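This report concerns only the one structure given below.
Residue numbers (this note's numbering), protein chains in the order written: chain X, 1 to 442; chain D, 443 to 931.
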């Protein structure tokens with residue numbers, strides 16, 4: 001009996017499943033998500049949260065139970081400072097804005113790292129201290145929301161297209177992390193986070209590694225603050241606490257270990273997007289006056305449930321050894337993208353008068369009932385048929401490949417899957433881009 | 443190189459013997475340098491400075507001639523003594539350096555280096571404070587007052603105490619520092635704020651300290667096991683609105699009160715059960731339960747209400763009396779909440795110290811493996827601590843309802859990180875096994891007195907937060923430092 005080598009990224013199973021479920025629901029409930037404007041707005045709204053989660057992720061990987069509670073207030077602090085400087089006319093050029101934002105983030109994180117290393121206080125206490133201090137000073141700098149963002153980012157926050165500067169920042173930040181994972185520094189960082197003593201004994205300069213991790217986290221916070229400033233086009237000193245809580249939640253939803261040594265932007269990205277999707281899905285239901293409470297409750301429940309699910313992952317991995325995060329990602333990805341294609345091309349169906357659902361319960365809670373096709377049944381255009389067939393074929397192919405792969409005892413599937421995913425995403429983009437025309441034709 | 447582990451005593455003796463070689467003649471207590479030249483220079487210096495003082499004294503015209511002369515003479519004499527003393531030290535050192543061997547020189551250098559290394563933080567901290575004070579004094583006109591000078595001196599004294607004296611208190615070091623800070627805060631506040639020690643103000647401080655203290659009971663217990671409970675503020679808020687809505691719905695107020703406590707315990711039970719397997723993530727689990735509980739309670743209280751999220755009703759008199767500022771305790775003019783807190787504190791401190799249950803808790807927090815081998819059930823204690831946390835959070839919420847007279851879900855929000863801050867400032871380690879409720883009481887009092895002080899000198903909420911944040915770090919740095927990694931390998 002050959003013992004199966006577990007994928008090191010097995011922890012991503014829960015985030016992937018959660019994300020797929022949420023994305024599917026979100027697209028069905030609010031089809032406007034699959035349009036240039038919808039996706040663009042989604043990217044811009046979710047970007048600050050994603051970047052804040054990246055920042056938390058880097059620190060969590062560095063170990064010692066570092067959860068930077070101050071990430072929200074720090075983001076708000078940079079936002080407030082940038083807006084204050086821009087309102088008084090000092091900060092105009094993009095380069096200066098980026099230098100100020102990233103510089104502030106890195107300075108704070110450097111101080112954090114030095115305190116942790118030399119004063120040797122637990123990181124969580126340092127971050128608690130930073131949380132209180134920054135929350136206070138934010139309100140001193142800008143007592144109430146207001147001010148104007150630097151002029152060059154005025155049109156960043158419109159969200160009418162997918163390809164906005166915010167997306168560029170996000171892509172660069174994500175790609176930057178993947179490049180970083182190729183370095184020795186990254187393996188040292190993971191080792192330090194997993195077992196600092198072992199790393200230290202084997203000659204890793206743990207102090208330097210820690211400082212490096214904090215500086216990277218500072219860069220991410222700075223970028224997040226820029227995206228946040230672009231999003232709200234002004235300064236807001238009050239959202240720090242919320243941002244911290246949501247970012248920590250996203251971090252955990254993404255399966256990053258708070259004990260250190262495990263995590264990456266994939267998980268953080270999945271977590272942050274899932275969190276945003278929860279809000280999106282809940283906003284499509286109409287709960288009336290208790291909307292906010294339901295949102296809060298569901299947040300909490302999903303948080304706890306996803307944590308409890310991570311307990312099941314080793315169990316699942318033991319019995320179903322051919323399930324790897326990648327295969328799960330591919331299979332679920334096909335399902336979700338299929339739903340997206342279906343929803344985005346729904347205008348092509350021949351609608352012969354949809355029937356309104358009249359039940360009182362549905363009337364109360366499911367007001368945004370999407371249009372259903374009735375009458376002639378499943379009439380598909382050729383594009384849809386092609387997409388469906390490709391999807392089904394790909395799912396079968398992936399499962400088969402994965403099965404063979406696991407029988408062969410190999411751990412990686414090679415370049416194939418990367419190419420596969422990229423081509424799929426391209427297909428989705430094309431469909432989204434040509435949708436308005438097809439809708440007109442239909 | 444000299445062996446670093448050489449006993450300090452021996453080094454001392456060596457240094458003494460080195461000093462003896464350079465011993466000189468002296469007239470009783472009066473230090474006289476060996477070199478004539480130095481004596482004359484000293485005399486000249488003291489006379490010149492005394493003359494300057496003399497001139498200024500007459501020039502100003504504030505003092506009478508006799509006083510000026512007296513001060514002049516005293517200054518000259520004191521200066522002469524001081525200068526001689528300094529001169530002798532240097533002469534001694536030079537003489538000793540001539541006579542000492544290689545090894546002795548090494549010891550001496552080592553000793554001075556360790557002396558410097560041991561005190562570098564203190565010297566740096568004290569000089570930083572001095573520079574800050576001088577800068578403020580130089581730049582701000584209103585800052586130059588005798589109160590601020592006293593405050594500055596008290597702060598320097600605290601630093602000195604914290605670094606030097608606290609070393610003798612092995613276990614209760616944090617409590618000692620906390621008490622000094624508390625004392626200093628009270629002294630400074632009493633000096634600089636009118637009516638700080640008046641009965642209403644003290645009552646207010648104690649009342650808010652009681653709320654925070656009761657809310658921190660659970661956080662302390664959980665921290666002793668190495669966990670965290672972030673659901674406390676949400677449970678407080680939920681208990682607050684749930685109690686009023688129950689009372690409004692017609693449930694007898696005593697029954698409702700007890701029921702709320704039971705519900706709080708149930709939430710804590712869930713917390714403990716779910717976070718037991720996820721101890722590293724207890725922070726997030728409790729946060730999640732907190733969200734869920736707050737959301738759920740608001741939904742339940744909104745059913746049948748026109749104004750979702752708001753609960754209206756009349757708080758029963760006994761509850762108001764329990765916690766309101768004008769409440770009475772058997773005719774005495776303070777709210778019974780303070781007494782409740784004191785009783786809880788005593789029970790907690792004694793319970794943690796004396797009972798087997800309390801000792802087991804410390805054992806578990808200190809070393810899971812060892813405690814397990816002793817037959818202590820980790821699950822039972824972990825869940826019990828969270829249940830206690832939930833019950834006391836609910837109690838705080840109920841008492842806050844009596845205090846404010848109206849229900850509001852956000853009433854717990856300030857307690858999100860304040861309970862944690864109180865525990866940390868008090869000196870309970872978040873890693874578990876160290877600390878106790880007595881420490882937390884000190885932390886709570888420090889926080890409340892500081893709040894009152896900052897309010898008194900006219901600083902707003904945001905500045906208070908800022909100062910809290912900056913205060914936590916140095917206080918924990920004084921007693922809560924983890925060992926260097928070199929020491930743990």
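By construction, the Cβ of each residue, glycine as well, lies at the ideal position given by its N, Cα and C atoms. Model, not experiment: these values are computed from the prediction.
For residue 489 of chain D, which residues of its own chain have a beta-carbon under 8 Å away from its beta-carbon, when the five flanking residues on both sides are left out? What you label residue 489 of chain D is simply residue 47 of the second chain in a count that begins at 1. So the list reads 518, once near-sequence residues are dropped.
Do we get a CB-CB distance below 8 Å when we pair residue 366 of chain X with the residues of chain D? For this step, residue 366 of chain X is matched to residue 366 along the first chain. Low confidence applies here, because residue 366 of chain X scores a pLDDT of 49, under 50, leaving its location unreliable and the question unanswered by this model.
Rounded Cβ spacing between residue 924 of chain D and residue 122 of chain X (contact assumed at less than 8 Å): Position 482 of the second chain, counting from 1, holds the residue named residue 924 of chain D. Position 122 of the first chain, counting from 1, holds the residue named residue 122 of chain X. Correct: roughly 7 Å between the Cβ atoms.
In three-state terms, what does DSSP make of residue 263 of chain X? Here residue 263 of chain X refers to the residue found at position 263 when the first chain is read from its first residue. DSSP places residue 263 of chain X in coil when its eight states are reduced to three.
With a threshold of 16 other CB atoms inside 10 Å of the CB of residue 508 of chain D, please say whether the residue is buried or exposed. Counting from one through the second chain, the residue named residue 508 of chain D turns up at place 66. By the 10 Å Cβ count, residue 508 of chain D comes out exposed.
Relative to chain X, which residues along the stretch 707-726 of chain D have a C-beta separation below 8 Å, given in chain order? 716, 719, 720, 722, 723, 725 and 726
How should residue 274 of chain X be labelled, buried or exposed, when 16 other C-beta atoms within 10 angstroms of its C-beta is the threshold for buried? Walking along the first chain from the start, residue 274 of chain X turns up at place 274. Flag for residue 274 of chain X reads buried.
Continuous alpha helix (DSSP H) stretch holding residue 866 of chain D: start and end: Taking the first residue of the second chain as position 1, residue 866 of chain D is located at position 424. Boundaries of the alpha helix (DSSP H) harbouring residue 866 of chain D: 857-868, taken from the DSSP string.
What runs of the alpha helix (DSSP H), each 4 residues or longer, lie entirely inside the stretch 767-852 of chain D? 778-796, 798-808, 810-815 and 820-846
Specify whether the stretch 633-642 of chain D and the stretch 798-810 of chain D touch according to this definition: at least 3 beta carbon pairs, one from each stretch, less than 8 Å apart. no
Beta carbon of residue 844 of chain D nearer than 8 Å to that of residue 765 of chain D: On the second chain, position 402 is the one that residue 844 of chain D refers to. On the second chain, position 323 is the one that residue 765 of chain D refers to. Closer than 8 Å, so yes.
C-alpha distance - residue 858 of chain D paired with residue 759 of chain D, whole-angstrom precision: Taking the first residue of the second chain as 1, we reach residue 858 of chain D at position 416. Taking the first residue of the second chain as 1, we reach residue 759 of chain D at position 317. Their Cα atoms are separated by approximately 29 Å.
Within its chain, find whatever has a CB closer than 7 Å to the CB of residue 852 of chain D; leave out the 5 residues flanking it on each side and keep chain order. Position 410 of the second chain, counted from the start, is the residue given in the question as residue 852 of chain D. In chain order, 679 place their CB closer than 7 Å to the CB of residue 852 of chain D, counting only its own chain and leaving out the 5 sequence neighbours on each side.
What three-state label does DSSP hand residue 30 of chain X in the structure shown? Your numbering for residue 30 of chain X matches position 30 in the first chain. Residue state, collapsed to three classes: coil.
Cβ shell of residue 450 of chain D (< 6 Å), same chain only, five flanking positions each side left out: Indexing the second chain from 1 puts residue 450 of chain D at position 8. Summary for residue 450 of chain D: the model assigns pLDDT 44, below 50, so the residue's position carries little reliability, and this model does not support an answer.
For residue 146 of chain X: DSSP bridge partner residues: Numbered from 1 along the first chain, position 146 holds the residue referred to as residue 146 of chain X. Per DSSP, X/235.
Report yes or no: do the stretch 27-40 of chain X and the stretch 327-343 of chain X share at least 3 C-beta pairs separated by less than 8 Å? yes
Going by DSSP in three states, residue 293 of chain X sits in which element: helix, strand or coil? Within the first chain, residue 293 of chain X is the residue found at index 293, counting from 1. The DSSP-derived three-state label of residue 293 of chain X is helix.
So which residues on chain D does residue 276 of chain X lean against when the C-beta distance must stay under 9 Å? Counted from its first residue, the first chain places residue 276 of chain X at position 276. The premise fails here: residue 276 of chain X is roughly 16 Å from chain D at the closest Cβ pair, so nothing lies under 9 Å.
Rounding to the nearest angstrom, what Cα-Cα distance links residue 479 of chain D and residue 134 of chain X in this structure? Within the second chain, the letter at position 37 stands for residue 479 of chain D. Within the first chain, the letter at position 134 stands for residue 134 of chain X. Residue 479 of chain D and residue 134 of chain X: Cα-Cα distance of roughly 60 Å.
Count the CB pairs spanning the stretch 72-79 of chain X and the stretch 102-110 of chain X that are closer than 8 Å, and state whether there are at least three. Yes, the stretch 72-79 of chain X is in contact with the stretch 102-110 of chain X.
Assess contact between the stretch 708-719 of chain D and the stretch 227-238 of chain X, defined as three or more Cβ pairs (one per stretch) separated by less than 8 Å. Is contact present? no
For the stretch 234-258 of chain X, list every residue whose C-beta sits within 8 Å of some C-beta in chain D, in sequence order. Against chain D - using a Cβ distance shorter than 8 Å - the residues of the stretch 234-258 of chain X are 241, 245, 248, 249, 252, 257 and 258.
Any beta-carbon of chain X closer than 8 Å to the one on residue 558 of chain D? Residue 558 of chain D sits at position 116 when you count from the first residue of the second chain. No, because no Cβ of chain X sits closer than 8 Å to the Cβ of residue 558 of chain D.
Considering only residues of the same chain and omitting the five flanking positions on each side of residue 603 of chain D, which have a CB-CB separation below 7 Å? Stepping through the second chain from its first residue, residue 603 of chain D is reached at position 161. Within the same chain, residue 603 of chain D has close Cβ partners 622.
Under the rule that 16 or more other beta-carbon atoms within 10 Å means buried, what is residue 767 of chain D, buried or exposed? Within the second chain, numbered from 1, the residue matching residue 767 of chain D stands at position 325. Per the 10 Å Cβ criterion, exposed.
Compare the Cα-Cα distances from residue 18 of chain X to each of X/394, X/399 and X/336 and report the closest residue. The residue labelled residue 18 of chain X in the question sits at position 18 within the first chain. Among X/394, X/399 and X/336, the Cα nearest to that of residue 18 of chain X belongs to X/336.
Per DSSP, what kind of secondary structure is residue 205 of chain X in: helix, strand or coil? Position 205 of the first chain, counted from the start, is the residue given in the question as residue 205 of chain X. The answer is coil: DSSP assigns residue 205 of chain X none of H, G, I, E or B.
Contact check, residue 1011 of chain D vs residue 686 of chain D, beta carbons under 8 Å: The question about residue 1011 of chain D has no answer, for chain D in this structure spans 443 to 931.
I need the straight-line Cα distance from residue 128 of chain X to residue 70 of chain X, nearest angstrom please. Numbered from its first residue, the first chain carries residue 128 of chain X at position 128. Numbered from its first residue, the first chain carries residue 70 of chain X at position 70. Distance between the alpha carbons of residue 128 of chain X and residue 70 of chain X: 7 Å.
Can a CB atom of chain X be found closer than 8 Å to the CB of residue 465 of chain D? Taking the second chain and counting its residues from 1, the one referred to as residue 465 of chain D is at position 23. For residue 465 of chain D, the pLDDT reaches just 46, beneath the cut-off of 50, and the residue's location in the model is therefore unreliable, although a value from the coordinates is still provided. False, the Cβ-Cβ gap to chain X never drops below 8 Å.
Test: residue 328 of chain X CB closer than 8 Å to a CB of chain D: Against the first chain, residue 328 of chain X aligns to sequence position 328. With 8 Å as the cut-off, residue 328 of chain X does not count as an interface residue toward chain D.
Segments of 4+ residues assigned as alpha helix (DSSP H) that fall wholly inside the stretch 554-616 of chain D: 588-606, all fully within the stretch 554-616 of chain D.
What first and last residue would you give for the alpha helix (DSSP H) that runs through residue 643 of chain D? One-based indexing of the second chain puts residue 643 of chain D at position 201. Segment 641-666, the alpha helix (DSSP H) holding residue 643 of chain D.
Assuming contact is defined by CB atoms lying nearer than 8 Å, are residue 224 of chain X and residue 48 of chain X in contact in what I supplied? Looking up residue 224 of chain X in the first chain gives position 224. Looking up residue 48 of chain X in the first chain gives position 48. The answer is yes: Cβ separation under 8 Å.
Decide yes or no for the touch test of the stretch 237-250 of chain X against the stretch 52-65 of chain X: beta carbon pairs closer than 8 Å, at least 3 of them. They touch, by the three-pair rule.
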